[in-house]
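Q: The following block contains the structure, expressed as structure tokens.
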Amino acid sequence: EVQYDNDVVGVRGRIELVQFRRSMAAPVATGMLIFADATIAPFKELRVSARIVFFNTLNFDARVYEFEAGLNGSSSTPALYGAGGRSYIYASYRPIPSLTIECKWQETYKPHESSFGSGDALISGDAVHVLEAQVTWKF
50 EVQYDNDVVG VRGRIELVQF RRSMAAPVAT GMLIFADATI APFKELRVSA
100 RIVFFNTLNF DARVYEFEAG LNGSSSTPAL YGAGGRSYIY ASYRPIPSLT
150 IECKWQETYK PHESSFGSGD ALISGDAVHV LEAQVTWKF
């Protein structure tokens, strides 16, 4: 992992390699994850961050994980497997100390897949898009 931060800008990148073997007689399953993210806080009330991830694994056994901060009070650690990419943009704006407005747009793209999920949660296509927003008012 490589990282640089100051009060206004931050950048970070990571490469991760995974090997998994069920038994000594089984073949090795391999996986790889590469990501880069950047954060900018042009003034103390606004913070914007973005990340792009590329992954490629032989199968679910060699899945890779990446931690993502979410809206206030949430986070996610998706298991990434197969081949594809994931990206998100997150923004937080605090116009006054008691009010925070947050938004996160994320996309997962798997070009060799025709659907995500199953049953009632089935999403057709090779990409999933999610938009989350939250307003927090402390009083």
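50 is the number of the first residue of the sequence shown in my numbering; add one for each residue after it.
Heads up, the beta-carbon is just placed ideally off N, CA and C, and yes, glycines get one too.
Bear in mind the structure is a predicted one, so any value in this text is a computation, not a measurement.
Grouping DSSP H, G and I as helix and E and B as strand, with all else coil, what is Ala74?
A: In the structure shown, Ala74 sits in coil (DSSP, three-state: anything other than H, G, I, E or B).
Q: Candidates Arg70, Gln52, Arg112 and Asn108: which alpha carbon is nearest Ala85's?
A: Nearest option by C-alpha distance: Gln52.
Q: Quick one: residues in its chain with C-beta nearer than 8 Å to the C-beta of Thr126, no 5 flanking neighbours on either side, listed in chain order?
A: Only Tyr114, Glu115, Phe116 and Glu117 meet the Cβ criterion.
Q: Please go through the same chain and pick out, in chain order, the residues whose beta-carbon is closer than 7 Å to the beta-carbon of Ile172, but skip the five residues on each side of it.
A: Excluding positions up to five away in sequence, the list reads Ser164, Phe165 and Gly166.
Q: For Gly168, does the three-state DSSP call read helix, strand or coil?
A: Helix.
Q: Relative to the C-alpha of Ser107, which candidate in Gln68, Tyr139 and Tyr142 has its C-alpha closest?
A: In the sequence as displayed, the identity of residue 107 is Leu instead of Ser. Of the listed residues, the one whose Cα sits closest to Leu107 is Gln68.
Q: Whole angstroms are fine: how far does the CA of Ile145 sit from the CA of Lys187?
A: Their Cα atoms are separated by approximately 10 Å.
Q: Would you decide whether Gly133 is buried or exposed? Buried here means 16 or more other CB atoms lie within 10 Å of its CB.
A: It is buried - the Cβ of Gly133 has at least 16 other Cβ atoms within 10 Å.
Q: For Tyr191, is the classification buried or exposed, using 16 other Cβ atoms within 10 angstroms of its Cβ as the cut-off for buried?
A: Lying before the first or after the last residue shown, residue 191 is absent from the chain, which here runs from 50 to 188.
Q: Quick check on the burial criterion: 16 or more other C-beta atoms within 10 angstroms. Buried or exposed for Phe92?
A: With fewer than 16 other Cβ atoms within 10 Å, it is exposed.
Q: With which residues is Arg63 paired in a DSSP beta bridge?
A: Paired residues: Phe84.
Q: What residues are listed by DSSP as bridge partners for Ser136?
A: For Ser136, which the question treats as bridged, DSSP gives the partners Ile101 and Glu156.
Q: Starting from the C-beta of Gln183, find all residues in its chain whose C-beta is less than 7 Å away, skip the five residues before and the five after it, and write them out in chain order.
A: Cβ neighbours of Gln183 beyond the five flanking positions: Leu120, Asn121 and Glu151.
Q: If we ignore side chains and look at the alpha-carbon of each, how far apart do Glu65 and Gly80 end up?
A: Each residue's alpha carbon lies about 8 Å from the other.
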